[in-house]
Ligand SMILES: CC(C)(COP(=O)(O)OP(=O)(O)OC[C@H]1O[C@@H](n2cnc3c(N)ncnc32)[C@H](O)[C@@H]1OP(=O)(O)O)[C@@H](O)C(=O)NCCC(=O)NCCS
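Residue numbers (this note's numbering): 57 to 194.
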């Protein structure tokens, strides 16, 4: 049972939302948030794959609350499924309002990545038993 007040997954990136990231209404542009989630998911997938990875699909994406200038965006990731060469990463973004305020979940999504070899072809994921121990650090 997950606690709705706590992020699921490991904190993978943190970044401050700046004026340059706003839409015409003055809130943070959704595409910027999406790209922060893709970056964090890619870090998580690369760790699991121990290789280069690419985003192949975005299976679900919800924008729950707006992000404002001055919020700190923290992106949490977790591998929730693995195939032969692919992985599904659960991603949640939470903000700390105006750097110090309450923490709120702003977006969630499921990103699918594929492990690639040096020629850009899909390659099998390593077995979990072959992974270095840092992969399991929180
Ligand atoms: C990722 C890529 C190399 C896969 O190539 P491919 O020839 O389809 O490779 P495969 O057939 O071996 O499939 C690899 C895995 O991807 C999955 N996959 C491929 N296309 C998919 C899609 N559209 N949706 C979901 N899964 C997909 C397959 O199910 C397979 O998973 P599995 O090995 O765990 O069973 C190729 O689709 C690609 O280069 N895509 C562009 C990626 C990119 O540029 N991303 C950035 C976007 S801005």
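Glycine included, C-beta positions come from ideal geometry on N, C-alpha and C.
Residue 105 is classed as buried because its beta carbon has at least 16 other beta carbons within 10 Å across all chains shown. Under the Cβ criterion (8 Å, minimum of three pairs), the segment 70-83 counts as touching the segment 120-140. The Cβ atoms of residue 112 and residue 171 lie no closer than 8 Å to each other. Relative to ligand 1, the beta carbon of residue 91 is positioned no closer than 7 Å to any heavy atom. Relative to ligand 1, even the nearest heavy atom lies 7 Å or more away from the CB of residue 104. Straight through space, the alpha carbons of residue 141 and residue 177 are spaced by roughly 10 Å. Taking a 10 Å sphere around the C-beta of residue 68, we find 16 or more other C-beta atoms and assign the residue as buried. Between ligand 1 and residue 107, a heavy atom-to-CB distance of less than 7 Å is absent. Counting other Cβ atoms within 10 Å of its Cβ, residue 165 reaches 16 or more and is therefore classed as buried. Residue 178 has its Cβ nearer than 7 Å to a heavy atom of ligand 1.
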